[in-house]
Structure formats: structure tokens, C-alpha cells
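Notes for the one structure printed next.
Protein chains: 2
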Amino acid sequence: MAKTDVLTLAILGILRDQPLHGYQIRKRLGAELGPFRALSYGSLYPCLRRMVEAGLIEASGEEPAGSSSASSRRARIAYSLTDPGRSRLSEELANAGASSWDDDAFDVRFSLFAHTDAATRLRILEGRRSRLSERLEEVSDGLKRMHERHDAYTAELQRHGLEQVEREVQWLDRLIENERSARGGENNGSAPADH
Amino acid sequence: MAKTDVLTLAILGILRDQPLHGYQIRKRLGAELGPFRALSYGSLYPCLRRMVEAGLIEASGEEPAGSSSASSRRARIAYSLTDPGRSRLSEELANAGASSWDDDAFDVRFSLFAHTDAATRLRILEGRRSRLSERLEEVSDGLKRMHERHDAYTAELQRHGLEQVEREVQWLDRLIENERSARGGENNGSAPADH
DNA sequence: GAACAGTTATATCGCTCCGATACATCGGGA
DNA sequence: TCCCGATGTATCGGAGCGATATAACTGTTC
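For the protein sequence lines, the chains are L and E, in the order given. For the first sequence, our numbering begins at 3 and goes up steadily by one. For the second sequence, our numbering begins at 3 and goes up steadily by one.
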């Protein structure tokens, strides 16, 4: 129960430091996660509504309802974390289960690594690595078994996919080694020590 | 109107050579496109129903309705292309518009390159390349503008994303060059000449 | 030969998410 | 002045996913 979906987590994370409008949330998230994973309003606003209902965030809007008042300010709703929201965030940041290294969750979790403790960081990186390794075997098995029933383009697509996953594994290996060698003094790295 | 979605196209493509069951369609598609892009039954069966309704495919099932008959064979429904389905497929394979190099469509189109003519192949590859180039600029701009408001992990995520896209552009460059140099004799490569 | 596990097979439900679209306001440049 | 582009909130229809239910067939093991 109470499973936090990725989008909710991403919003909790981005509201950690300051309250923001829906529009700003979208821009920030787009900037942090890249132009892939774009996030449309059709996901954002319903998710914000759900979060308000769940008590995770609070809408401190300048309400435009001023019936006869002169200014009739535009509706701009700033969302901020509530206490339950804040504790849900840290709860979620401590979780290093399989859902942390899913395809759709990993990058969000990673972008919050600055607020994740060192042990959890390591477990997530390793989990992601082993997930990708499984895939690697699957694809290369498929490639071997496919040398009948091939056409050149399908094989090329497969080969390229394999290479991409291999790259990503190498990237993870580098990060894992960094984490391991950085755990000299700190064991609770709530902020990354180096840099 | 009558915009063919990616899944429909993929199914048309996979049924081009032989009729298949839903289950087999799923397996084949999974094998051709890799373990990413998995395709669940919750998408497949509704899509098949839509396609039957649209007259693109035909369900030649051994019906299990035999009321009093002994065997009561299991329902296994083989789907095959109709004539309208076949012409929709070639129509779609000739289309080299922007929808051919979208993130979610490109790999499906590419996996059907063996049945796509040479000119269209080239246009799609080039379209995809320029789409990725836009992204490249976006991300590297973002990286530059982000050297304030950075933490080490977010920056690393960005850097890695950038590298992945760069790799893919190099891959496309190689493929484009191949296509160009292969168009010596053929101009209508309904089957790839080399191999 | 009985029991069990794994694969083949079809199908639906609830929900999330996306793309398109509509709307309104504000700042600045032609 | 007038329009354009950025800021901002919001919804609708539909596609896709994950989980789940059901069931028959196939092989293995005791």
C-alpha cells in the first residue's frame, strides 16, 4: 500500500528545497532529467491533485476568486511540502528495493543521490547493474539463436542495443568504484564528500 | 485521419510473412526489438481487436464453441493480414514523415527496413539524426547553463545522457554512409543488396 | 501413472501517462 | 498599438502497462 510512483517521488524531490508552481516544476524536472522523459501537463496536474489529496503537498495559492476586488490577480499556485510529504520523501530515499532500479525509476532516484546516504546509493547502483546484466545475457543469447531468421537490419538493431547496454554497465562500474573508494571517512554521506 | 499507431504498424510488419497467434506476436516482437520495449497483453489484445474491426487483419480461429462435440479444442486464434492490411502496410512503409523518427517509432520502422525502399531508408535515418542533433544541443546548452545550480550527481546524469545520444548519432552516421555507398546499382532496394 | 512445474494461450480491469488543446496573463519589441 | 512568445493552469480522449484470472498442453520426476 501507499506505493509512491516515480512522478510523485520526483515532485517530492524537487519541492524539497523551495515551493514551486506547476509550470516551474515541469521546467526543472525537464532540465534535470534531460529532454527525454519530458513530462506533460496531462501527467503533472493530476499527480499534483493526488498529492494534495494525500496530504503530501500543500497549495498556497494566491486565489483569484476576488469577486469585486479590483486587481483580479491571476491564479498562480505554489506547492510546498507538508510534514507528511517530507517524511515520505526521506522514507522513499532510504528505500533501496527493486523498484529503485527499474528503467523508469532509476534516473529519478539517481538525480536525488545528493540527498541519499552512501550505503543506499551503492545498493541502488549495484541493483541497477545486475538488472542490466540480465538484459545483456538475454540479448546476446537472442543474437546467437537468431543467426537463422535474421535480416541485416534487425541484427544491426540488436547489436546496437547490446552496445548501448554495455556502455551503461561500464558507466555504472565507474560510479560504483567511485562510491567504494570515497567511503574512506564518511559512512553517512548525506551530501557527497568530494568536489 | 487513419493515423496508424506504432503498435499497429509493428503487428502489420510481423504478420507480413506468416499468420501468427497473439502469443507468438508478442514473443517475436520482443525478440526483434529487444527486452526493452516489452509489449504487454494489455496493449496487444485490444490493439488486435481494433485492427480486426478496422479490417486490417483477420482472425482465423479454430473456434472452441463446439457445443456437444467431443474434443472441445482450446481457443487458438491465428491472425493474418487482409488485402487492406497489406496495402496499409506498404503505404506506411513508404511514409518517411516526422512520425517515422520519433523515439517510440524509429526502432519499429528500422526493424522493417528490409522491406523499405532505399530512398525512404535514407530519409528516415537522416530525419532521426537531425532529431537527435537538436537534443544534443539542448542538453549541452543545459549543461553549460547549469554550472551554477548543480550537484555532482545531476551533472553526471546529464553527462551520461549526452554521451549516449552522441553514440547514437555516430551509429546513425555509419548507417547513413553505408546506405549512400550501397546505392551504386540499385535505386529500389526492396531487399538489401549486400550481405 | 500421478503430481507438479513451466510454457503456451486468451482476456480484462484499473490506472498512469501522454499529446493535443484551450484558456488567460504578462513583458517586450516592431 | 498590436502581436508574439513566455508563463501559467487545466482537461479530454485514448494508448499502454502491470497485475491478474483462467485453462490446456508438455515434460519431468518419483
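Note that beta-carbon positions come from the ideal geometry of N, C-alpha and C, so glycine has one too.
### Task
Using a threshold of 8 angstroms, state whether the C-beta atoms of L:Ile59 and L:Ser45 are closer than that.
no
### Task
Could you check the C-alpha separation between E:Ser92 and E:Thr118 for me, to the nearest Å?
8 angstroms
#### Entry: Collapsed DSSP secondary structure at E:Ala98 in the structure displayed
coil
### Query
Tell me the DSSP bridge mates of E:Glu60?
E:Ser82
### Query
Whose C-alpha, out of E:Leu134, E:Ser89, E:Arg90, E:Arg111, is nearest the C-alpha of E:Glu98?
Note that residue 98 of chain E corresponds to Ala in the displayed sequence, not to Glu. E:Ala98 has its Cα closest to that of E:Arg111, out of E:Leu134, E:Ser89, E:Arg90, E:Arg111.
### Task
Starting from the C-beta of E:Arg130, find all residues in its chain whose C-beta is less than 7 angstroms away, skip the five residues before and the five after it, and write them out in chain order.
Trp103, Phe108, Leu174
### Query
Mind listing which residues of the segment 95 to 123 of chain E have their C-beta closer than 7 angstroms to chain L's C-betas, in chain order?
Asp109, Phe112, Ser113, Phe115, Ala116
### Task
Could you tell me which residues DSSP pairs with L:His23 in its beta bridges?
L:Ala80
#### Entry: Straight-line Cα distance separating E:Val141 from L:Thr84
33 angstroms
### Range covered by the alpha helix (DSSP H) that runs through E:Leu17
Here E:Leu17 belongs to no alpha helix (DSSP H), and DSSP marks it neither H nor E.
### Coarse secondary structure for L:Leu41, derived from DSSP in three states
coil
#### Entry: Three-way DSSP call (helix, strand, coil) for L:Thr156 in this model
helix
### Task
Might you give, ordered along the chain, the residues of its own chain that have their beta carbon closer than 8 angstroms to the beta carbon of E:Glu181, omitting 5 neighbours on each side?
Ala120, Arg123, Leu124, Leu127
### Task
Would you decide whether E:Gln160 is buried or exposed? Buried here means 16 or more other CB atoms lie within 10 Å of its CB.
buried
### Message
Can you give me the C-alpha to C-alpha distance between L:Ala80 and E:Ala157, rounded to a whole angstrom?
### Response
27 angstroms
### Chain-ordered residues of the segment 153 to 185 of chain L with a beta carbon less than 9 angstroms from chain E
Asp153, Ala154, Tyr155, Thr156, Glu158, Leu159, Gln160, His162, Gly163, Leu164, Glu165, Gln166, Val167, Arg169, Glu170, Trp173, Leu177
### Task
Leaving out five residues on either side along the sequence, give the residues of the same chain with a beta carbon under 8 angstroms from the beta carbon of L:Tyr47.
Gly24
### Query
Using the beta-carbon count (16 or more within 10 Å), is L:Leu177 buried or exposed?
buried
### Query
Is the closest heavy atom of the ligand SAH to the C-beta of L:His117 under 7 angstroms?
The model on display carries no ligand, and the ligand SAH is accordingly not part of it.
### Query
Can you tell me the Cα-Cα spacing of L:Leu41 and E:Val54, whole angstroms?
33 angstroms
#### Entry: Burial state of E:Arg78 (16 or more Cβ within 10 Å)
exposed
### Query
Mind checking whether L:Tyr43 and E:Ala116 have CB atoms under 8 angstroms apart?
no
### Message
I want to see whether chain E comes within less than 8 angstroms of L:Ala33, judged by CB atoms only; does it?
### Response
yes
### Query
Got a sec: which bits of the segment 23 to 49 of chain L sit with their beta carbon under 8 angstroms from any beta carbon on chain E, in order along the chain?
Ala33, Glu34, Leu35, Gly36, Pro37, Phe38
### Query
Using a Cβ-Cβ cut-off of 7 angstroms (strictly less than) and excluding sequence neighbours within five positions of L:Pro86, which residues of its own chain qualify?
Gly57, Leu58
### Chain-ordered neighbours of E:Val8 on chain L, where CB pairs are closer than 9 angstroms
Neighbours of E:Val8 on chain L: none; closest Cβ ~15 angstroms, over 9 angstroms.
#### Entry: Cβ-based neighbour list, L:Ala12, same chain, cut-off 7 angstroms, excluding 5 preceding and 5 following
Leu31, Val110
### Message
Assuming contact is defined by CB atoms lying nearer than 8 angstroms, are E:Cys49 and E:Leu14 in contact in what I supplied?
### Response
no
### Message
Measuring straight from C-alpha to C-alpha, what distance separates E:Ser101 and E:Leu134?
### Response
14 angstroms
### Query
Hey, L:Val171 and L:Leu138 are a contact pair by Cβ (cut 8 angstroms); roughly how many whole angstroms apart?
7 angstroms
### Query
Closer than 8 angstroms, Cβ to any Cβ of chain E: which residues of the segment 126 to 140 of chain L, in chain order?
Arg137, Glu140
### Message
I need the DSSP call for E:Thr6, collapsed to helix, strand or coil.
### Response
coil
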